[in-house]
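The next block holds one structure in the form of structure tokens; read it before the comments.
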Amino acid sequence: MTYALPCPPERALLAEAASRFARDHSPVEALRTSDVGAPAPGGYHRAAGELGWFAMLVPAELGGGSVSESPLADVVAIAVERGANLQPGPFTAMNVVAESLGLAGSALQREEVLPALVEGRRTATWAVTDGCGRWAPGAAVSYAVDGDAFVLDGFAVLVEEAATADWVLVQAGSPSGVTIFVVPTATPGLEVAPREGLDVTRRFGAVRFTGVRVGRSAVVGEPGRGGELAVHQLCVAAVLTAADAVGAMTRDFGTTLEYARTRVAFGRPIGSFQAVKHLLADTSLALEACQAILAAAADAYGTPGFTRYVAVAKAYIGDAAITLGQNCLQVLGGIGYTWEHEHHLYMRRMTADAFLFGDPGAQRASLWPAYGLGEVA
Amino acid sequence: MSDADLDAYRARARSWLEANLEPVGSPRPRATDVDPGFLAEERRRQRELCSAGYAGIAWPSTYGGQGLSSRHERVFNEEAEGFRTPDFGVLGQTTFGICVPTMLAHGSPELLARHVPHVVAGNSLWVQLFSEPDAGSDLAGVRTRATRSGDRWTVSGSKIWSSGAYFADHGLCLARTSWDVPKHRGLTWFAVPMDAPGVTIRRLRQITGASEFCQVFLDGVELTDADVVGEVDAGWSVARTMLATERGGGSRGAADAAHPADALAPDLVALADGVGRRDDPQVRDLVARAHVADVVMAELRSRVIALSRAGVADPGSLAAYVKLAHGTVTPERARIGLQIAGAAALSWPEGSAAEAATAHAFLAGRSQSIAGGTNEMMRNVIGERLLGLPREHSVDTDVPFAEVIRRTGATPAPGQGPSGECAR
């Protein structure tokens, strides 16, 4: 349970539609019976595309368009509902790729890839973290130039829906700089391996690049000049991941609160005991603070302070998400430790969100250089 | 009112400030010890603001204010940030931020006409006479007794943690006027002249060494019906207003003109530099943690203000989020300062105020989890009034207060004499 601030009516409608869509197409109940995340049901992305899920960060002249003057806040509103309903699919990556093609894509990419993504006809994911979990441009994949071709080598984990995506976005490093590629997953040398993991509401695979040869048509922007765009991509992904966590936190907390109101022990509802009440009050405060900093980060999109706000938001929300998961479990007691209860699904999801695209410690470390105070010597 | 009006107001305020007030580089800390000479000078500064029309900006003109909006007040405070404005120590916020706003919400026109213009003109500072030695978190359990005889009242009791009472002109005092009803229903507020016969003030020394805290003894203080604030026996609703204002629900000045997102915790970065630990990864993480907390706190405050304006819940209850955030973050932040400074916060050259600041902040930071309502009371407010959790079983809310006292065996009426006090 959390409070809703007044927002543009179009955004409220967008969120409402997202919530209804999630319940109709991929209800949380379906996850309880499976041990691993299921792929999005047939037609899921197409229908989501019709609701504008992948269009908000793309200019109107390229077939996109947001519903308010704050496009990232619009996507965040959808991401929150997705987290609350544990939705499948590479939503974050699709928005990041669509935005990047709108910003720096070639005419061909804007013609062949972008509309397919915006409409949800095809899907894209991205491969940015290496096996050690470093979320940094060039960490997972490197490239070399060979005549007109680029040759990609490397290994990336936590690639959402790697097995079903049509394209994969790569931030590849080389001595001459970072280049952003959008690579068809069917390209020879690109190998996808499914993996198991903590978060059973989503499917993450690993992608190995072994001498993957692509042409100039796979490059987004200028070769070797993708560093700035890569950082921006990570920031957008971090905000959307934080929003996913806040949605999951809100739902998990609401369920727990209702339990504390109705579960009776020692002759009265357990929520009347201060030991329980105070834990829930602290959790509620943290959740309100998450909402506040999430909105501030979304509103900072397009301003010079965006990177800093994102780091603060992702650091705070990541820590708060893990704590909230523990607090809710403590109030739910034994039932919260069962597979049957949905709490573990939310706890898994928001814990994964805390680490995806930069865990709290890494975000805090990034603040010093973000304020011009330099890297550690 | 249009933005153009506000812009014009801002421009006028700025040129007046530049022409009349002394610029100060950075925000100066408020005075913690106010002597008569200092006070006289600050009253003069307030009179200057008043005659220029920049005092009581958002208060009704009937009572000496300017009758403008709170946005005008905010604009003026923003502009005044870099200038030397009146410093009434701890009573500045108590008078202008808590007592007068509470009186404006509940006081009779006669009471307001008698007091508010003097506040605006700098002649009247107010102290809260609120907590008692036996009633802190359980504020409705106050035992200061006000007895009526015709249109006259006699007040006796003892108040504590009354910061700044030693230089206040008036006190806003919560007293029990009916003992035969449950505790919340027999309370009344009074405006008490601090120089009235029977008022005795003793300054208390706090853990920081400062003596803002006072205990105030009221021994047969004579008041009249005209001194009653709000309705007799309906004082709890006034108390709720006052608590909400104190806890951050009321309008604020420009306390945070510089947004914490503008710089990385500059005080702690300077501290880290001072002890040569800027490149220590542990220190960098501590500074970043403090910065995250600072920025989130500022955004939380904005959110709570917006939620209050949107009317999603009672503003007084919503203010508990901000108060609890302060009560948890402030001590934690002070501890971070200590962790960064290490040995430098444990001892310093004699008389070095700058180097004593970390230890002082560590001690002063302890108060935020208690003053103005403990963290535990805030958690009750959030749990019960916002999250809808049932109240803890209570044994005294439906019982006449005299009966509660009889059952618990506590002394009902005050009257013990003070000792070692400074009479005035």
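Protein chains in written order, with the UniProt record's numbering: chain S, 1 to 377; chain D, 1 to 424.
Idealized CB from N, CA, C, for every residue including glycine.
Determine the chain D residues that contact residue i at a beta-carbon separation under 9 Å, and present them in chain order.
i, result
"L257/S", "L387, G388, L389"
"V310/S", "Neighbours of V310/S on chain D: none; closest Cβ ~11 Å, over 9 Å."
"P39/S", "Chain D residues near P39/S: none, gap ~36 Å exceeds 9 Å."
Tell me, which residues are paired with residue i by DSSP?
i, result
"W153/D", "R148/D, L223/D"
"Q215/D", "R202/D"
"I180/S", "Q171/S, V220/S"
"G373/D", "DSSP, once it has assigned bridges, lists no residue as partnering G373/D."
"T2/S", "For T2/S, which the question treats as bridged, DSSP gives no partner whatsoever."
"D153/S", "S142/S"
"V228/D", "F190/D"
"P182/D", "P400/D"
"residue 427/D", "Residue 427/D cannot be examined here, being either before or after the span of chain D that is shown, 1 to 424."
"V264/S", "P269/S"
"K159/D", "V216/D"
"R129/S", "Note that residue 129/S is Thr in the sequence shown, not Arg. W135/S, V157/S, per the DSSP bridge assignment."
"A135/D", "E132/D"
"A357/D", "Partner(s): none; A357/D has no beta bridge."
"A234/D", "L187/D"
Does any residue of chain S have a CB that is nearer than 9 Å to the CB of residue i?
i, result
"L112/D", "no"
"P281/D", "yes"
"T328/D", "yes"
"G64/D", "no"
"V395/D", "no"
"V275/D", "no"
"I201/D", "no"
"R278/D", "yes"
"K247/D", "Per the sequence shown, the amino acid found at residue 247/D is Arg instead of Lys. Chain S contact via Cβ: absent."
"residue 429/D", "One cannot answer for residue 429/D here, as it falls past the ends of chain D, which runs 1 to 424."
"D3/D", "no"
"A258/D", "no"
Compare the C-beta of residue i with all C-beta atoms of chain D and state if any pair is closer than 9 Å.
i, result
"P115/S", "no"
"H278/S", "yes"
"A15/S", "no"
"P269/S", "yes"
"A245/S", "no"
"G301/S", "Contrary to the premise, residue 301/S reads as Tyr rather than Gly in this sequence. Answer no: the Cβ-Cβ gap between Y301/S and chain D never drops below 9 Å."
"D282/S", "yes"
"R364/S", "yes"
"M1/S", "yes"
"A4/S", "yes"
"G358/S", "no"
"L169/S", "no"
"Y371/S", "yes"
Could you tell me which chain D residues have their CB closer than 7 Å to the CB of residue i, listed as they occur along the chain?
i, result
"D74/S", "Those do not exist, as D74/S stays about 19 Å from chain D at its closest Cβ, beyond 7 Å."
"Q291/S", "R303"
"R261/S", "G388, L389"
"residue 438/S", "Nothing can be reported for residue 438/S, as the shown portion of chain S is limited to 1 through 377."
"Y346/S", "Going along chain D, no residue has its Cβ under 7 Å from Y346/S, so there is no contact; the nearest lies around 18 Å."
"L367/S", "L264, A288, H291"
"G305/S", "A261"
"Y316/S", "V292, V296"
Under 8 Å Cβ-Cβ, which residues of chain D neighbour residue i?
i, result
"A361/S", "The amino acid at residue 361/S is misidentified as Ala; the sequence shows Gly. Under the 8 Å cutoff, chain D gives D285."
"E10/S", "Under the 8 Å cutoff, chain D gives no residues; its nearest Cβ is about 18 Å from E10/S."
Can you name the residues of chain S whose CB is closer than 8 Å to the CB of residue i?
i, result
"I340/D", "Simply none; closest approach about 14 Å."
"R376/D", "Before going on, a small fix: residue 376/D reads as Glu here, not Arg. Residues of chain S passing the Cβ test: Q274, H278."
"E392/D", "S272, F273, Q274, K277"
"R379/D", "Q274, K277, H278, A281, D282"
Report the neighbours of residue i on chain S: residues whose CB is nearer than 9 Å to its CB, in chain order.
i, result
"A13/D", "Under the 9 Å cutoff, chain S gives no residues; its nearest Cβ is about 28 Å from A13/D."
Mind listing the chain S neighbours of residue i? Cutoff is C-beta to C-beta under 7 Å, in chain order.
i, result
"Y321/D", "L285, E288"
Check whether the Cβ of residue i lies closer than 8 Å to any heavy atom of the ligand FAD, and answer yes or no.
i, result
"R143/D", "Of ligands this structure carries none, so the ligand FAD is not represented either."
Next on the checklist: My parser needs the alpha helix (DSSP H) runs of 4 or more residues fully inside the segment 280-360 of chain S; what are they?
Outcome noted: 306-332, 343-355
Checklist entry - Taking any Cβ of chain D, which residues in the segment 43-76 of chain S have a Cβ under 8 Å from it, in chain order? => result none
Next on the checklist: Can you pull out the residues from the segment 214-245 of chain D whose beta carbon lies closer than 7 Å to at least one beta carbon of chain S?
Outcome noted: none
Next on the checklist: Runs of 4 residues minimum, wholly inside the segment 16-54 of chain D: which ones carry the alpha helix (DSSP H) assignment?
Outcome noted: 36-51
Next on the checklist: At a CB distance below 7 Å, what residues from the segment 398-410 of chain D approach chain S? Give them in sequence order.
Outcome noted: none
Checklist entry - Which runs of the alpha helix (DSSP H), 4 residues or longer, sit entirely within the segment 51-120 of chain D? => result 70-80, 100-106, 109-120
Checklist entry - Using a Cβ cut-off of 9 Å, which residues of the segment 72-88 of chain D contact any Cβ in chain S, in chain order? => result none
Next on the checklist: List, from N- to C-terminal side, the beta strand (DSSP E) runs of 3 residues or more that fit wholly inside the segment 185-244 of chain S.
Outcome noted: 190-194, 204-214
Checklist entry - Which parts of the segment 53-125 of chain S are runs of the alpha helix (DSSP H), unbroken and 4 residues or longer, counting only runs that do not cross its ends? => result 71-84, 91-104, 107-112, 114-118
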